[in-house]
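Here the structure comes first, spelled out in structure tokens, and everything after it is commentary.
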Amino acid sequence: MKRILKASFIMMILAMSFLLSSCKTEKTDLKKIKDLEFTVVEDADVPEELKELIEEKKAEPFKLTFSNTDYLYIVTGYGEQPTGGYSITVDDLYLTKNAIYFNTSLLGPPKDEVVTQAITYPYIVVKIEYIDKSVVFE
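Residue numbers (mature numbering (1 follows the signal peptide of the UniProt record, and there is no 0)): -22 to -1, 1 to 116.
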């Protein structure tokens, strides 16, 4: 019985040390190298595979990236909203030493504006030239 407990304890210690040693944290450098040029992509121009991903996730707030050989697409969705009239602004899109930083804001409809009285799912898709770096959503 003691042997089984001892063996179990050793296995737990080995498993924990393996899990802890295999985790990697990367310190991100916030110093801006340059602002990145981007294009806001119209729905008709979004790649089909990306459209499917957005459709699956749009009911809840989401953030994702998608790339092909030439471009990196960065997407932020704000989930279900009770009416139309929302817009999204890109507040920051810039390059640092080891990451791309992306920040957006959801703007509600103006109080005096007549808006669609239906549930909407606002999201924004921006396209930049492909850069092999992680995207940090702020």
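Positions of the beta carbon are idealized from the N, C-alpha and C atoms, including for glycine.
From the DSSP output, read off the bridge partner residues of glycine 55.
In the DSSP secondary-structure assignment, glycine 55 is bridged to Phe40 and Tyr101.
For phenylalanine 115, which beta-bridge partners are listed by DSSP?
According to DSSP, phenylalanine 115 bridges with Phe80.
Check residue 119 in the structure and name its three-state DSSP category.
Because the chain is modelled from -22 through 116, residue 119 falls outside the range shown and cannot be assessed.
With DSSP run on the structure shown, which of helix, strand or coil describes leucine 28?
DSSP places leucine 28 within a helical segment (H, G or I) once states are collapsed to three.
Exposure label - serine 112; buried when at least 16 CB within 10 Å
Around the beta carbon of serine 112, fewer than 16 other beta carbons lie within 10 angstroms, which makes this residue exposed.
Quick check on this structure: which residue in Leu31, Thr94 and Gly55 has the alpha carbon closest to the alpha carbon of phenylalanine 115?
Cα-wise, what sits closest to phenylalanine 115 is Gly55.
Going by DSSP, name the residue or residues bridged to threonine 67.
Its beta-bridge partners are Ser83.
Inter-stretch contact (C-beta, 8 Å, three-pair minimum) for the stretch 60 to 73 and the stretch 25 to 34
In the pairwise beta carbon analysis, the stretch 60 to 73 is classified as not touching the stretch 25 to 34: fewer than three pairs are separated by under 8 Å.
So, with DSSP's three-state summary, where would you put lysine 75?
In the three-state scheme derived from DSSP, where H, G and I count as helix and E and B as strand, lysine 75 is classed as coil.
Whole-angstrom distance between isoleucine 97 and asparagine 76, CA atom to CA atom:
Taking the CA atoms as reference points, asparagine 76 sits about 38 Å from isoleucine 97.
Buried or exposed for tyrosine 51, going by 16 or more other Cβ atoms inside 10 Å?
Burial call: buried.
When the Cα atoms are used, what is the spatial distance from lysine 9 to glutamine 95?
In a straight line, the C-alpha of lysine 9 is about 43 Å away from that of glutamine 95.
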